[in-house]
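Data block below; observations after.
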Amino acid sequence: GNSVTQMEGPVTLSEEAFLTINCTYTATGYPSLFWYVQYPGEGLQLLLKATKADDKGSNKGFEATYRKETTSFHLEKGSVQVSDSAVYFCALSDDGGTSYGKLTFGQGTILTVHP
Amino acid sequence: NAGVTQTPKFQVLKTGQSMTLQCAQDMNHNSMYWYRQDPGMGLRLIYYSASEGTTDKGEVPNGYNVSRLNKREFSLRLESAAPSQTSVYFCASSEAHLYSNQPQHFGDGTRLSIL
Chain A
-15 GNSVTQMEGP VTLSEEAFLT INCTYTATGY PSLFWYVQYP GEGLQLLLKA TKADDKGSNK
45 GFEATYRKET TSFHLEKGSV QVSDSAVYFC ALSDDGGTSY GKLTFGQGTI LTVHP
Chain B
204 NAGVTQTPKF QVLKTGQSMT LQCAQDMNHN SMYWYRQDPG MGLRLIYYSA SEGTTDKGEV
264 PNGYNVSRLN KREFSLRLES AAPSQTSVYF CASSEAHLYS NQPQHFGDGT RLSIL
């Protein structure tokens, strides 16, 4: 079956530091890949997505590239802010007409950014 | 601009009690989902509904039932609550009826404690 593995957290950084959160996946076929963010007390929000190999998703200064050869989708940001403190989830969705967009999630990575 | 609305936000039950969690979306999405979120485990799919009138099991369906009342509403029922069902429950919806690359939109969650 499908699976997503994220780097262990929590991650603690100072403001303006560089962020990388690693994500690797196992899937058959050609899944779509997503990063979701969850702020305290809220539901998940889509941060970015990539639907095919070598696609780069980007939003709010965050980027991730769909690497089929390494089955990875690492999240990066050049300069984090305190407001980026949240839980980040990597997820994949099966391709194909019977998947109905079902998502498989990684375990989540807690990011805390200090001033 | 409500999106996905879940009720209640918090609930405490005693073991053996029953409860229905409500979810409604106003985006005219075909597909709806129920997840549970537990520490260190990400989100796991309980049930999903690809379209009005259909439901199907996800990864962890035991102890739960669902009803897709109409296109807008998708409820989750615990018939006899157990402490292992203490969790945060999220409802989501998407346009991913046939195409897996459409993102899901999440509600703010229901925090459920079972004593």
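Sequences listed follow chains A and B, in order.
Counted from 1, the first sequence has number 18 at position 34 by my numbering; the numbering is strictly sequential.
Counted from 1, the second sequence has number 222 at position 19 by my numbering; the numbering is strictly sequential.
Don't be surprised by glycine CBs; every beta carbon is placed ideally from N, CA and C.
Distance between B:Ala284 and B:His232 (C-alpha atoms, nearest Å): 30 Å
Min CB distance B:Gln225 to chain A below 9 Å: no
Chain B contact for A:Val66 (CB, 9 Å cutoff): no
B:His308 - partner residues in DSSP beta bridges: B:Ser296
Min CB distance A:Leu95 to chain B below 9 Å: no
Interface flag, B:Gly219 vs chain A, CB-CB below 9 Å: no
Three-state class that DSSP yields for A:Asp68 in the structure shown: helix
Buried/exposed call for A:Gly92, threshold 16 Cβ in 10 Å: buried
Residue burial classification, B:Ser316 (beta-carbon count within 10 angstroms, cutoff 16): exposed
Proximity test, Cβ basis, 9 Å: B:Val269 and chain A: no
Alpha carbon of A:Tyr14 to alpha carbon of B:Val207, nearest angstrom: 29 Å
Other residues of its chain near B:Gly219: CB distance less than 6 Å, five sequence neighbours each side excluded: Ser283
Proximal residues of chain A, C-beta to C-beta of B:Pro306 below 7 Å: Phe18, Leu30 and Lys33
Spatially closest choice to A:Lys44 from A:Tyr9, A:Val21 and A:Ser56, by CA coordinates: A:Val21
Within chain A, partners of B:Met230 - CB distance below 7 Å: Going along chain A, no residue has its Cβ under 7 Å from B:Met230, so there is no contact; the nearest lies around 13 Å.
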